[in-house]
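*Asks:* Handing you a structure now.
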Amino acid sequence: MAAIGLNGVKVGTTSSQAYLEGKAVKETRALMAELCRHFYTLGWVTGTGGSITMKVHDDSIPKPQQLILMSPSGVQKERMEAEDMYVLSISGSILSAPSPKPYPHKPPKCTDCDPLFRKAYEMRDAGAVFHSHGIESCLVTMINPLSKEFRITHMEMIKGIKGHGYYDELVVPIIENTAYEYQLTESFAKAIEDYPKATAVLVRNHGIFVWGDSWISAKTQSECYHYLFDAALKLQQMGLDWSTPNHGPIQSARRGLSTAGESNVSVKASKSNGEIDPFPRCIVLDIEGTTTPISFVSEVLFPYARDNVGKHLSLTYDTPDTKADIELLRSQVQSDLEQGIAGAVPIPPDDAGKEEVIAGIVTNVDAMIKADRKITALKELQGHIWKTGYDNNELEGIVFDDVPEALEKWHALGVKVYIYSSGSRLAQRLIFGKTNQGDLRKYLSGFFDTTVGNKRETRSYVEISESLGVDKPSDILFVTDVYQEATAAKAAGLEVIISIRPGNGPLPDNHGFKAIKSFSEI
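Each step along the sequence shown adds one to the number in UniProt numbering, with nothing skipped, and position 103 is 103.
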């Protein structure tokens, strides 16, 4: 047990002088100085602006207890040395400060970003946070002075942002600037809270804060954010809309909206009688019974997945995706057994052998499919099985004939279209990526699955509304064939339309929703 010093600090802990002068702290100091020099060459920390912080990585110390290093304020970042860094405890106390330097250097002072950095550590368990004054991050907030968000989609570098893929819409909150950075703390914390998927916050006319699990993650994402901001600025100069999937002309995409990014304004469409009717800002579509016949799912996709479970698992057993699928299924089956769900049987442990494990999974999956269970573990596995089918041209997605024309029309009007299905996001992309009407993904801005919640629960639609960043939930139109889903979405404030398609189930009498038989009626 470590001895206790007069100040109450355990000798040999991270607060001890020996630890402060040890290898872990020294290496982190040197790395920060190196990164500051690199960021200077990128234009992120010129004119003494910008700042960085990171935790001292030490496998023997839990991340929440690791020491924090921060760069000083008001210094030439490209000339900083390792000993210029501040070392702070997890409570914010300064454990080590740089020595003063002779004139014309200013007296040392820890960065004004300190309280903002600590919010990222506390609320996001970050391992590093970088604050850049890169010109791209400043100018991109000026395109629309009223916008509270930056949005972009269908750009390769989006894949470098944690939790995002090429087809996803990246949303970065924008907060208003203040005279001093510490005054941003409250709005910065609120943005982190309001945007749980965000890994960055833009400050209008100022710059950006980016955090990551490690310095490598923070650096990679910072580079990707600056690339995407630069791309948006250049697309805007070319008159192209960066926030829509095909990046078409801003004027045609917005139908006369003069300022790119004015996505909070509803798009207007002329009726045949000359009246003006507002289109919703976003449309969220169900798949089964709405864009696609129920029979395609029940008679093609489900049987294909059921018949190929064993083959798929056997061929891909040691791949990361399949290992993750098996762990999800183990967890789900364990929960099913505890709840007495019919058809659930124990999945043997790994040491029982590959064939035994696969046999147990096949039995459970067959029962899950027969019960038409809308659970993430099943949907993830089905998505990976279907991908093989699409890749081998054994499957082709089916959509109703009116769907492609409607998607194209909405896209031209600047209305963003999303999919919300109980199938995994991978399965959704597969259906629309290779259909009997061609690749329709270019018209879609994003995909939601049951990771946001069950489709019959109101909270799921609240989550979608918050993710899309609309001013009010009624800016979203949800189209589904299921009455319970429609009721849940309406309770969350969304506009709702019921889809009536051949083969759909019956609806309650006097259900109270507008019903359509074709997307052309929207």
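Beta carbons are placed, not taken as given, at the ideal position from N, Cα and C, and that holds for glycine.
Closest by CA to Tyr-167, which one among Pro-473, Lys-26, Gln-221 and Val-417?
*Replies:* Val-417
*Asks:* Between the C-alpha atoms of Glu-485 and Ser-421, what's the straight-line distance to the nearest angstrom?
*Replies:* So the two alpha carbons sit approximately 11 Å from each other.
*Asks:* Would you identify the three-state DSSP class for Thr-259, choosing helix, strand or coil?
*Replies:* Only weak support is given to the placement of Thr-259: the predicted model assigns it a pLDDT of 36, under 50, and the question is left unresolved by the model.
*Asks:* Apart from the five residues just before and just after Pro-473, which ones in its own chain have a Cβ nearer than 6 Å to its Cβ?
*Replies:* Spatial neighbours of Pro-473 in its own chain (CB-CB distance under 6 Å, excluding positions within 5 residues in sequence) are listed in chain order as Ser-465, Ala-492, Gly-493 and Leu-494.
*Asks:* Nearest to Lys-159 by alpha carbon, out of Leu-228, Thr-185, Val-140 and Phe-117?
*Replies:* Leu-228
*Asks:* For a test of the three-state rule: what should DSSP assign to Ser-270, helix, strand or coil?
*Replies:* Here Ser-270 scores only 42 on pLDDT, less than 50, and its place in the model should not be relied on; the value that follows carries that caveat. Strand at Ser-270.
*Asks:* Tell me the rounded alpha-carbon separation between Ile-68 and Tyr-195.
*Replies:* Near 25 Å, if we compare the C-alpha coordinates of Tyr-195 and Ile-68.
*Asks:* Near Asp-213, which residues of its chain fall below 6 Å by C-beta distance, leaving aside the five closest residues on each side in sequence?
*Replies:* If we look at Asp-213 and ignore the five residues flanking it on each side, its Cβ neighbours are Gly-127.
*Asks:* Count the C-beta pairs between the stretch 363-373 and the stretch 334-353 that are closer than 8 Å, then say yes if the count reaches three, no if not.
*Replies:* yes
*Asks:* In this structure, what does DSSP give as the bridge partners for Ser-499?
*Replies:* Ile-516
*Asks:* Comparing alpha-carbon positions, which option in Trp-386, Asp-325 and Pro-245 lies nearest Tyr-304?
*Replies:* Trp-386
*Asks:* Going by DSSP, which residues form a beta bridge with Leu-285?
*Replies:* Ile-419 and Val-479
*Asks:* Taking 7 Å as the cut-off, is the C-beta of Thr-178 nearer than that to any heavy atom in the ligand GTP?
*Replies:* With respect to the ligand GTP, the structure offers nothing, as it holds no ligand at all.
*Asks:* Buried or exposed for Ser-263, please, with buried defined as at least 16 other CB atoms from any protein chain shown within 10 angstroms of its CB.
*Replies:* The predicted position of Ser-263 is uncertain, since its pLDDT is 38 and thus under 50; no value can be drawn from it.
*Asks:* Specify the secondary structure class of Glu-21 as computed by DSSP and reduced to three states.
*Replies:* Reduced to three states, the DSSP call for Glu-21 is coil.
*Asks:* Among the residues of its own chain, which have a CB less than 6 Å from the CB of Arg-425, if the five just before and after it don't count?
*Replies:* Cβ neighbours of Arg-425 within its own chain (closer than 6 Å, five residues either side excluded): Phe-447 and Asp-449.
*Asks:* Can you tell me whether Tyr-443 is buried or exposed, with buried defined as 16 or more other CB within 10 angstroms of its CB?
*Replies:* buried
*Asks:* Using 8 Å as the threshold, is the stretch 78-92 in touch with the stretch 19-31, meaning 3 or more CB pairs across them?
*Replies:* Verdict: yes, contact present.
*Asks:* Decide if the stretch 396-405 is in contact with the stretch 288-300; the criterion is three or more beta carbon pairs, one per stretch, under 8 Å apart.
*Replies:* yes
*Asks:* Return the CA-CA distance between Asn-436 and Glu-396, expressed in angstroms with no decimal places.
*Replies:* Their Cα atoms are separated by approximately 7 Å.
*Asks:* Kindly indicate which three-state DSSP category Lys-159 falls into: helix, strand or coil?
*Replies:* helix
*Asks:* Any contact of the stretch 169-185 with the stretch 112-120, i.e. 3+ C-beta pairs under 8 Å?
*Replies:* They touch, by the three-pair rule.
*Asks:* Any idea what DSSP makes of Tyr-103, helix, strand or coil?
*Replies:* Here DSSP, grouped into helix, strand and coil, assigns Tyr-103 to coil.
*Asks:* Alpha carbon to alpha carbon, how far is Lys-197 from Pro-173? Give it in angstroms, no decimals.
*Replies:* 11 Å
*Asks:* Looking only at its own chain, which residues have a Cβ that is under 6 Å from the Cβ of Ser-258, when we skip the five neighbours before and after it?
*Replies:* Caution applies to Ser-258, whose pLDDT of 32 falls short of 50 and renders its modelled position unreliable; the model cannot decide the point.
*Asks:* Let me check one thing: in DSSP terms, what residues is Phe-130 bridge-paired to?
*Replies:* Bridge partners of Phe-130: Ile-52 and Val-210.
*Asks:* Alpha carbon to alpha carbon, how far is Ser-96 from Ser-89?
*Replies:* Going from the Cα of Ser-96 to the Cα of Ser-89 covers about 10 Å.
*Asks:* Just to confirm, is the Cβ distance from His-247 to Ser-137 under 8 Å?
*Replies:* no
*Asks:* Taking the DSSP output, what are the residues bridged to Tyr-443?
*Replies:* None, per the DSSP bridge assignment.
*Asks:* Which word fits Gly-274, buried or exposed, when buried means at least 16 other C-beta atoms lie within 10 angstroms of its C-beta?
*Replies:* Below a pLDDT of 50, predicted positions are generally treated as unreliable, and Gly-274, at 39, falls in that range; no measurement from the model is reported.
*Asks:* Going by DSSP in three states, Tyr-86 sits in which element: helix, strand or coil?
*Replies:* Reduced to three states, the DSSP call for Tyr-86 is strand.
*Asks:* Alpha carbon to alpha carbon, how far is Val-462 from Ser-518? Give it in angstroms, no decimals.
*Replies:* 27 Å
*Asks:* Could you please give the first and the last residue of the uninterrupted beta strand (DSSP E) stretch that includes Ser-96?
*Replies:* 94-96
*Asks:* For Gly-289, count neighbouring C-beta atoms within 10 Å of its own C-beta (all shown protein chains included) and say buried if the count is 16 or more, exposed if not.
*Replies:* buried
*Asks:* Which one of Leu-139, Val-284 and Phe-188 has the shortest CA to CA distance from Leu-468?
*Replies:* Val-284
*Asks:* Beta-carbon of Lys-442 versus every beta-carbon of chain D: anything under 8 Å?
*Replies:* Absent here is chain D; the protein component of the structure consists of one chain.
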